[in-house]
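Numbering (the UniProt record's numbering), first residue to last: 1 to 465. For each residue, glycine too, the CB sits at the ideal point set by N, CA and C.
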């Protein structure tokens, strides 16, 4: 029975005897009447509580059945005129309050009920307009501005030298899958067949990083590139006035050979970005010395930045230790960069030299923030790098491009670096570098004052710099 029919019957019912309502049934009936009155409004139904014989009674003062515009559904057991079934009927009352609607599962097969529920589930005109406004606002906020587009164009490759690797690996496999006599224009590999190579053993797990390549019996590969047959695709030239260029030209690579555990960082000044690849003690046999947890925590990284970012490479158990070090040094963890490792054939590494329970095919770089750095290009790159594995502990070169795009034209410092890590705009510290090379006179002065036993000379800038 619908609420309309219930209300109509209650209004016209000529009661000739007292119905023994239970207290629970009476409460349910009163709650149902209150809900209907609240839903339909006082112009349709008006109920008030009045005190009769020192008891509060709910009184229905007005019912305008012809004005009903909303239909609610009620269990149709009142047709039986059995007061004992009234309790169950009233418990199944549906209340419509705002956007919250409850459906009666027992009547889902009823066609009329389905139509009513579908009608009630539809958003109102007001809801549609509000959602449309929010959608338009989100589209507007997520749309790239002209400045964002110019920044992207500024860092786009302009030498047209990028080439993709063929997914089939060798030229023979490429021709086989293309069903042609000619391989595609992408880069391919060719097997290095030596007298001791046994083809039936398959590919070496370490490929070009194998430590026993001169005696390894597995198959290794080298690049099969015919540069003279490659035709570069010319890109549309960007007008010079459109491309944004950084206002500051960075200095050539600078480095200092030192023991970073004892080095006085205060003589270097402040940096916008710091990157560190510490030799964590991860309880494994490594081809280089490691630092204890206490030595890492005691490093005076806090002296190098007032406002800026730090990129801290971590692995294994050092992931939690790295977060602890960031907190000690005064940083808040802002993000995390993941390096997905690939082998020489650009495939995911499945047999690595690191990992205890599982082989490690990725490394993490924690990104910490200190203060309120300004002038950074937020949202330009994503947090995943896919790069080839090279020497032990060597990180992908793509991370330098990511950081340079994030903070162009700023001072950057790399700690625990080697000679191959030196980059324009970067200062590198480590014990595997070639002596000292500095282009900043103030840093040279402070360095010589602090370490008079091994003074350095100011290196002049190249003439074409």
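Contact defined as beta carbons within less than 8 Å: I believe residue i pairs with residue j. What is the distance between those atoms, to the nearest angstrom?
i           : j           : result
residue 336 : residue 383 : 6 Å
residue 314 : residue 364 : 5 Å
residue 308 : residue 263 : In fact, because the Cβ distance is near 19 Å, the residues do not count as touching under 8 Å.
residue 387 : residue 426 : With 8 Å as the limit, residue 387 and residue 426 do not qualify as a contact, their Cβ atoms being about 18 Å apart.
residue 187 : residue 225 : 6 Å
residue 47  : residue 26  : Residue 47 to residue 26, Cβ: 14 Å. No contact.
residue 252 : residue 424 : 6 Å
residue 497 : residue 370 : Given a span of 1 to 465 for the chain in the structure shown, any question on residue 497 remains unanswerable.
residue 368 : residue 333 : 6 Å
residue 402 : residue 381 : 5 Å
Using the DSSP secondary-structure output, state which residues sit across from residue i in a beta bridge.
i           : result
residue 57  : 50
residue 203 : 219
residue 298 : Answer by DSSP bridge pairing: none, since residue 298 is not bridged.
residue 167 : Answer is none; residue 167 lacks a bridge partner.
residue 365 : 313 and 337
residue 428 : 255 and 414
residue 342 : 348 and 388
residue 62  : 46
residue 308 : 370
residue 190 : 222
residue 280 : 291
So is residue i buried or exposed if we call it buried at 16+ other beta carbons inside 10 Å?
i           : result
residue 344 : buried
residue 206 : buried
residue 416 : buried
residue 536 : Outside the shown range of the chain (1 to 465) lies residue 536, about which nothing can therefore be said.
residue 56  : exposed
residue 414 : buried
residue 310 : buried
residue 176 : exposed
residue 357 : exposed
residue 278 : buried
residue 470 : This structure cannot settle anything about residue 470, because the visible part of the chain is limited to 1 through 465.
residue 52  : exposed
residue 192 : exposed
residue 180 : exposed
residue 167 : exposed
residue 234 : Legend: pLDDT at residue 234 = 49, less than 50; position of this residue unreliable, value from coordinates given subsequently. Result: exposed.
residue 145 : exposed
At the level of alpha carbons, what is the spacing between residue i and residue j?
i           : j           : result
residue 165 : residue 396 : 17 Å
residue 399 : residue 275 : 10 Å
residue 292 : residue 266 : 22 Å
residue 325 : residue 134 : 41 Å
residue 255 : residue 405 : 22 Å
residue 213 : residue 306 : 48 Å
residue 450 : residue 269 : 14 Å
residue 328 : residue 443 : 26 Å
residue 429 : residue 455 : 16 Å
residue 149 : residue 195 : 55 Å
residue 49  : residue 63  : 16 Å
residue 42  : residue 136 : 38 Å
residue 122 : residue 116 : 10 Å
residue 30  : residue 54  : 18 Å
residue 438 : residue 389 : 30 Å
residue 448 : residue 221 : 49 Å
residue 433 : residue 258 : 8 Å
residue 297 : residue 418 : 22 Å
residue 170 : residue 348 : 17 Å
residue 385 : residue 452 : 42 Å
residue 182 : residue 341 : 31 Å
residue 446 : residue 420 : 26 Å
residue 208 : residue 138 : 48 Å
residue 204 : residue 362 : 20 Å
residue 118 : residue 128 : 16 Å
residue 210 : residue 199 : 17 Å
residue 462 : residue 140 : 47 Å
residue 184 : residue 147 : 38 Å
Is the segment 367-385 in contact with the segment 406-424, if contact means three or more CB pairs nearer than 8 Å?
yes
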